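Residue numbers (the numbering used here): 94 to 313.
Spelled out as structure tokens, the structure:
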């Protein structure tokens, strides 16, 4: 029985590890794919910006649509002349150079900046950060691990209590069997005490023996 419980516990541990590892790996792949999609979107936005700057005639509707559709990814575009354009960063003062530099460094640590070149000349650099959705997705594996740890702890308590209950049942059965084994010879001993009491006048010794028998009766 104990061997079966150990095998079951190991099976649950291994199976849970495989499931959690699979989910974490798939989540990692999904986050990376989502990050690549955001990169592609930013590169497309930079191309649309380049077309807007270099266009001599009418701007295509597609270019305008691309420029307008980015409403989730925070970004800072710094032109070669030092002018700054900020998108999707509410409450940011464009004149606050300290805060701008902090965000630029933060965005650079999250994603490589995109250079916007016109011919061989760099006209702008686009710095962009992770969208709020991507930041939430990055915490999903941690939340999953916490949930898995809670379930694992509950399962551990369940199996531990089951094992304790099984041991208590085993000890109870052994105690009953021991009491039964003791009870039979005690009855015989009590009979011998009465027989000796009637045959010999040795009450002091017999009283001590009877006390010991009574103690054993209490146990059984």
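Quick reminder that beta carbons are idealized off the backbone N, C-alpha and C, glycines included.
Because the structure is a prediction, the values reported are computed rather than measured.
The beta carbon of residue 192 lies closer than 8 Å to those of 185, 186 in the same chain, with the five residues before and after it left out.
DSSP, read as helix, strand or coil, puts residue 120 in helix. As the crow flies, the alpha-carbon of residue 129 is around 17 Å from that of residue 140. Residue 217 sits in a strand when the DSSP states are folded into three classes.
With fewer than 16 other beta carbons inside 10 angstroms of its own, residue 250 counts as exposed. For the 8 Å CB-CB criterion, residue 127 and residue 238 do not form a contact. Per DSSP, the beta bridge partners of residue 211 are 214. Scanning the stretch 169–255 for uninterrupted beta strand (DSSP E) segments of 3 residues or longer gives 177–180, 207–211, 214–221, listed from N- to C-terminal end. Taking 8 Å as the cut-off, the Cβ atoms of residue 136 and residue 243 do not count as close. Ranking 134, 144, 199, 218 by CA distance to the CA of residue 175 puts 218 first.
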